[in-house]
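> Mind looking over this structure? Questions follow.
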Amino acid sequence: MQAIVFTELGGPQVLHLAEVPAPEPGPGQVRVRVEAAAVNGWDVKVRAAQVPGMSPPRFPSVPGLEVAGVVDALGPDANGAAVGDRVVGFADTGGYAELALTSVFATVPPGLAPTDAVTLPVAAEAATRVLRELDVRRDETLLVHGASGSVGELAVQLAVRAGARVIGTASRARQDRVTALGASATTYGPGLVDRVRELAPGGVDAVLDASGAGVLPDSVTLRGGTDRIVTIADPAASGLGIPFSSTARRDAGELARVVRALARHELTTTVGHLLPLAEAARAHELVGGGHPGGKVVLVP
Ligand SMILES: NC(=O)c1ccc[n+]([C@@H]2O[C@H](COP(=O)([O-])OP(=O)(O)OC[C@H]3O[C@@H](n4cnc5c(N)ncnc54)[C@H](OP(=O)(O)O)[C@@H]3O)[C@@H](O)[C@H]2O)c1
Numbered sequence: 049m050q051a052i053v054f055t056e057l058g059g060p061q062v063l064h065l066a067e068v069p070a071p072e073p074g075p076g077q078v079r080v081r082v083e084a085a086a087v088n089g090w091d092v093k094v095r096a097a098q099v100p101g102m103s104p105p106r107f108p109s110v111p112g113l114e115v116a117g118v119v120d121a122l123g124p125d126a127n128g129a130a131v132g133d134r135v136v137g138f139a140d141t142g143g144y145a146e147l148a149l150t151s152v153f154a155t156v157p158p159g160l161a162p163t164d165a166v167t168l169p170v171a172a173e174a175a176t177r178v179l180r181e182l183d184v185r186r187d188e189t190l191l192v193h194g195a196s197g198s199v200g201e202l203a204v205q206l207a208v209r210a211g212a213r214v215i216g217t218a219s220r221a222r223q224d225r226v227t228a229l230g231a232s233a234t235t236y237g238p239g240l241v242d243r244v245r246e247l248a249p250g251g252v253d254a255v256l257d258a259s260g261a262g263v264l265p266d267s268v269t270l271r272g273g274t275d276r277i278v279t280i281a282d283p284a285a286s287g288l289g290i291p292f293s294s295t296a297r298r299d300a301g302e303l304a305r306v307v308r309a310l311a312r313h314e315l316t317t318t319v320g321h322l323l324p325l326a327e328a329a330r331a332h333e334l335v336g337g338g339h340p341g342g343k344v345v346l347v348p
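Residue numbers for the sequence shown follow our numbering, beginning at 49 and rising by one.
Here's what the structure looks like:
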């Protein structure tokens, strides 16, 4: 099969199309003929050796954490899907490929495009996890940095649905998107603390940093300390005494719930760019640039 591989760490140009053996499903796994593979910040950071303390992957390495597509083979004891079903899931083998394995997946309901379904596994897991860690409750005020991003837009919607007031930061161009999600939008950058105080004169109860853009000091100022601040992207967190949330809890039931909500239009996500598999390097440039305008999705 064809897949995007890299055999050394470096810039986006290390990614290239290659012929590699098809993965064979093991116990509990299904093999998916990939229709959509999402590109995540993690893929970019691994390729560029930007994950502190992480040893390089085994080469040749196929990136990609999430896929949607049609099941073409079942491993022993694989439940929850039959050959021919369309599913979306966390990829056990690299997702930037014609075929990939998954063991935590959900059915894609008819009418939901695989390119939309694939925006969910990583972003919805992270958003759900961090809201749980922050224990955001009804009538509380949550500040989301990076509210126009893939994780941020889901965190905003899930917190609004839970009855919280949400303030979301984004670029000027994406203010309307954040407002449409049910949040009060403001821009990031100088003067942020004053703008947030104007929107929330009673203060903010919790802060989610889904940007990794150096917003933790302002967050501490707004909270009056480090309590109830979590980042998923800023390695400066430990020096500031702020938790960096990174341990994914991959749960098929939780994934199925958000997939159904997306299919029923109770949640929305944004696909910023759809690119052919061969343009993985371009996809990494977009995600690595920090303003992809939504999920970047590769289509084999
Ligand atoms: N730890 C974990 O478990 C975990 C899980 C998933 C993702 N992540 C990480 O979390 C981060 C977000 O992921 P994502 O998929 O949501 O990425 P994304 O879609 O690229 O979103 C990043 C957002 O950051 C915003 N941004 C850029 N500069 C900013 C600034 N100076 N201040 C505030 N916001 C700024 C961008 O807004 P504009 O486009 O409007 O400028 C963009 O919406 C990535 O670093 C990713 O690797 C971590």
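By construction, the Cβ of each residue, glycine as well, lies at the ideal position given by its N, Cα and C atoms.
Going by the DSSP bridge assignment, what does Lys343 pair with across the sheet?
To locate residue 343, count along the sequence shown from 1; it is residue 295. DSSP output for Lys343 lists Val319 as bridge partner(s).
> Just list the residues that DSSP pairs Gly142 with in beta bridges.
For this step, residue 142 is matched to residue 94 along the sequence shown. Gly142 pairs with nothing; no bridge assigned.
> Taking the beta carbon of Ser286 as the centre, do at least 16 other beta carbons fall within 10 Å, making it buried, or is it exposed?
The residue given as residue 286 occupies position 238 in the sequence shown. So Ser286 ends up on the exposed side.
> By DSSP, does Gly117 sit in helix, in strand, or in coil?
Here the question's residue 117 lines up with position 69 in the sequence shown. In this structure, Gly117 counts as strand in the three-state DSSP scheme.
> Fully enclosed by the stretch 196-278, which beta strand (DSSP E) runs are 3 residues long or longer?
Runs found: 213-218, 232-235 and 254-257.
> What separation, rounded to the nearest whole angstrom, lies between the Cα atoms of Phe153 and Gly239?
Locating residue 153 in the sequence shown gives position 105, counting from the first residue. Locating residue 239 in the sequence shown gives position 191, counting from the first residue. Taking the straight line joining both Cα atoms gives about 43 Å.
> Do you know whose CA, among Ile215, Gln223 and Val53, lies nearest Val241's CA?
For the purposes of this step, residue 241 is taken as the residue at position 193 of the sequence shown. Out of Ile215, Gln223 and Val53, Ile215 has the C-alpha closest to the C-alpha of Val241.
> Going along the chain, which residues of its own chain have a beta-carbon closer than 8 Å to the beta-carbon of Leu113, five neighbours each way excluded?
In the sequence shown, counting from the first residue as 1, residue 113 sits at position 65. Here the set comprises Ala86, Asn88, Trp90, Asp91, Phe138, Ala139, Gly143, Pro169 and Val170.
> Considering just the uninterrupted stretch of the alpha helix (DSSP H) at Glu67, what are its terminal residues?
Translated into the one-based positions of the sequence shown, residue 67 becomes position 19. That residue, Glu67, is in no alpha helix (DSSP H); its beta strand (DSSP E) goes His64 to Glu67.
> Just verifying my parser: in three-state terms, what is the DSSP assignment at Glu188?
To locate residue 188, count along the sequence shown from 1; it is residue 140. Coil, per DSSP.
> Got a sec: does ligand 1 put a non-hydrogen atom nearer than 6 Å to the Cβ of Pro340?
Taking the sequence shown and counting its residues from 1, one reaches residue 340 at position 292. Because some heavy atom of ligand 1 lies under 6 Å away, the Cβ of Pro340 counts as near it: yes.
> Can you tell me whether His193 sits near ligand 1, meaning its C-beta is under 6 Å from at least one heavy atom of the ligand?
For the purposes of this step, residue 193 is taken as the residue at position 145 of the sequence shown. Answer for His193: yes, Cβ within range of ligand 1.
> Is Gly197 a contact residue of ligand 1, with contact defined as CB to any heavy atom under 6 Å?
The count along the sequence shown starts at 1 and reaches residue 197 at position 149. Within the cutoff, so yes.
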